[in-house]
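Protein sequences appear in the order of chains A and B.
With the working numbering, the residue at position 52 of the first sequence is 60, and numbering never jumps.
With the working numbering, the residue at position 8 of the second sequence is -7, and numbering never jumps.
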Amino acid sequence: MSNSRSSVFDGLLRENTVLSSLLVISPVIMCGDTLRNAEALVYAFSVITFFSVMIASFVPKKLPYAVKIIIYAVISSLIYIPVRIVTQEYFPGIVARIGIYFPLLAVNSLIVVQTETKFFRMKKLKMTFSLIFSILGFDAVMLLTAVIRELLAYGTINSKVVDMHTLISGLGMPFGGFIFLGLMCGLYRKIRSMAGYEDNKVRSEENVSGN
Amino acid sequence: MFLVTELIALLAANLILTQALGTSTLFIAAGSRKNLVGTAVVITIFTTAGSLAAYIIQRELPEKYSYLTLLFYTLSVGILYVILLSALYFISRKGFEKTRKYIHLSAYNCAVMGTLFTITEKAQNDASFMTLKSFFLAGLSSGAGFIIAALILTAAYRKLNSAKVPASFRGFPAMLVYLGIISMAVYALR
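Dropping the structure here:
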């Protein structure tokens, strides 16, 4: 029971989607510099990924690997359309600011890689919870990164000015995103090893070798 | 001098170093020479052929249906995916077994889809870019950019994974910081 329970929470803590598996890192690096961007991305990522994986779970398992991946990508591309419309309504201007990273969320690794290598190997209920925690794993890292980078790079939180004496403007740039995420990954690993979890290589080419 | 200028231009427009597209695939590609060659070749095929498909979609898709762009790009990459796998299967079964993992890895990769959207964005901002040749060259240079980024990472791969690096930072975290430093240098070139 305990094993099963811990694996359900893996995407959030032990095998965090971003910090451990290094999945969906481009939006975190490029758009995770303000809380406003992060909120829009978190909403879009969560809705697109959840509904895409849930609907994709009904795709027959007997189909060839490549065909299934194409169907999953098409499903998420269709879900992207209403999500984009709603985002334009509630986060005006954000879609333009996030640019190409918004549609790229629809073909994220959780949908086109982890479905076959992880989620669809589980029973439905367990898969649903595991998926929710994997999404939350991305959401948590995205929001945390955005808050810290916005504060240190621009001296604001959610566009509200905070009294900061020293700003590190480079953190708002892509290279700042790379370095900050690298440091967060290292810190996360340190905490994980202190908690007694063994370090293992989560994402390898075997994960995507297909059938 | 021409080569140096071209190299600087490729670095400055590099999708991985400037836009973080396909970073996690790059880590896999940089792991070994075999992976590097396999992934780089397949990604270049996808970005180049995908760019040609993107050109046709952009030319034929009316403005009012622009929200369908992602769907059409997904379908065109899907078609390329099937064509590439089928071609490889009929050419050589042995080659198919060896290479298919690179095709699976590259098809819906951020580097490929990101290239299509970056080129599209460029064409929308600059009408003179809206030619088949421009799309083709942009797709090809994206693939070349991936190869350059992979070579840069490969050069430091062993050291970043060596025992001299603290265990918590060994591997992915160190590689991210390293890419950040290279990205900073590339930023200065722009």
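In this text, a Cβ means the ideal position worked out from N, Cα and C, and glycines have one as well.
Since the structure is predicted, the reported quantities are computational estimates derived from the model, not experimental observations.
With burial defined as no fewer than 16 other Cβ atoms inside 10 Å of the residue's Cβ, what is the status of residue i: buried or exposed?
i	result
VAL169 of chain A	exposed
HIS89 of chain B	buried
SER142 of chain A	buried
GLU45 of chain B	exposed
ASN24 of chain A	buried
ASN177 of chain B	The question about residue 177 of chain B has no answer here: the residues shown for chain B are numbered -14 through 175.
PRO158 of chain B	buried
SER138 of chain A	buried
ALA64 of chain A	buried
PHE176 of chain B	In this structure chain B extends from -14 to 175, so residue 176 of chain B is not present and cannot be described.
GLY99 of chain B	buried
PRO182 of chain A	buried
LYS126 of chain A	buried
LYS86 of chain B	buried
SER212 of chain A	Confidence in SER212 of chain A is poor, its pLDDT being 43 and thus under 50, which makes the residue's placement unreliable; the coordinate value appears in the next sentence. Counting Cβ neighbours within 10 Å, SER212 of chain A comes out exposed, since fewer than 16 surround it.
PHE(-13) of chain B	exposed
VAL94 of chain A	exposed
ARG18 of chain B	exposed
Report all residues from its chain with a CB closer than 7 Å to the CB of residue i; omit the five preceding and five following residues, and keep chain order.
i	result
CYS39 of chain A	ASN45, LEU49, ILE106, TYR109
SER84 of chain A	ILE56, SER60, ALA114, VAL115, ILE119
VAL155 of chain A	LEU43, ILE165
PHE188 of chain A	THR153, ARG157, LEU179
PHE12 of chain B	PHE157, MET160
ILE133 of chain B	LEU(-5), LEU(-4), ASN(-1)
LEU191 of chain A	none
Suppose you measure from the CA of residue i to the CA of residue j; what does that come to, to the nearest Å?
i	j	result
GLY124 of chain B	ASP171 of chain A	45 Å
ASN(-1) of chain B	MET62 of chain A	35 Å
GLY7 of chain B	PHE128 of chain A	24 Å
GLY130 of chain B	THR32 of chain B	11 Å
LYS176 of chain B	THR116 of chain B	In the structure displayed, chain B extends from -14 to 175; residue 176 of chain B sits before or after that span and is not available.
SER9 of chain B	GLN96 of chain A	29 Å
THR3 of chain B	THR54 of chain B	23 Å
ARG155 of chain B	CYS193 of chain A	10 Å
THR29 of chain B	VAL75 of chain A	22 Å
ILE41 of chain B	ALA135 of chain B	30 Å
LEU20 of chain A	LEU144 of chain A	6 Å
TYR52 of chain B	ILE78 of chain A	19 Å
LEU175 of chain A	ARG78 of chain B	57 Å
LEU73 of chain B	PRO68 of chain A	25 Å
GLY165 of chain B	VAL91 of chain A	32 Å
GLU82 of chain B	ASP18 of chain A	32 Å
GLU48 of chain B	LEU112 of chain A	20 Å
For a test of the three-state rule: what should DSSP assign to residue i, helix, strand or coil?
i	result
VAL32 of chain A	coil
THR95 of chain A	helix
VAL169 of chain A	strand
THR25 of chain A	coil
PHE164 of chain A	Before going on, a small fix: residue 164 of chain A reads as Thr here, not Phe. Of the three classes helix, strand and coil, the one that applies to THR164 of chain A here is strand, per DSSP.
MET98 of chain B	helix
ILE87 of chain A	helix
ALA177 of chain B	This structure gives no information on residue 177 of chain B, because the portion of chain B shown stretches from -14 to 175.
VAL26 of chain B	helix
ALA64 of chain A	helix
LYS86 of chain B	helix
LYS198 of chain A	helix
ASP18 of chain A	coil
PRO47 of chain B	coil
LEU144 of chain A	helix
Skipping 5 residues on each side, what residues in its chain have a beta carbon closer than 6 Å to that of residue i?
i	result
SER177 of chain A	ALA161
ALA38 of chain B	SER61
MET135 of chain A	PHE127
THR24 of chain B	ALA14, TYR87
LEU151 of chain A	ALA46
Consider the C-beta atom of residue i and the heavy atoms of the ligand HEM; say whether any pair is separated by less than 7 Å.
i	result
ALA5 of chain B	This structure simply doesn't include the ligand HEM, nor any ligand for that matter.
If I'm right that residue i touches residue j with Cβ under 8 Å, what's the distance once you round it to whole angstroms?
i	j	result
ALA5 of chain B	PHE66 of chain A	ALA5 of chain B to PHE66 of chain A, Cβ: 33 Å. No contact.
VAL149 of chain A	VAL36 of chain A	6 Å
LEU56 of chain B	LEU86 of chain A	7 Å
Among the residues of its own chain, which have a CB less than 8 Å from the CB of residue i, if the five just before and after it don't count?
i	result
THR(-10) of chain B	none
GLY63 of chain B	ALA92
THR105 of chain B	ALA39, GLN43, THR54
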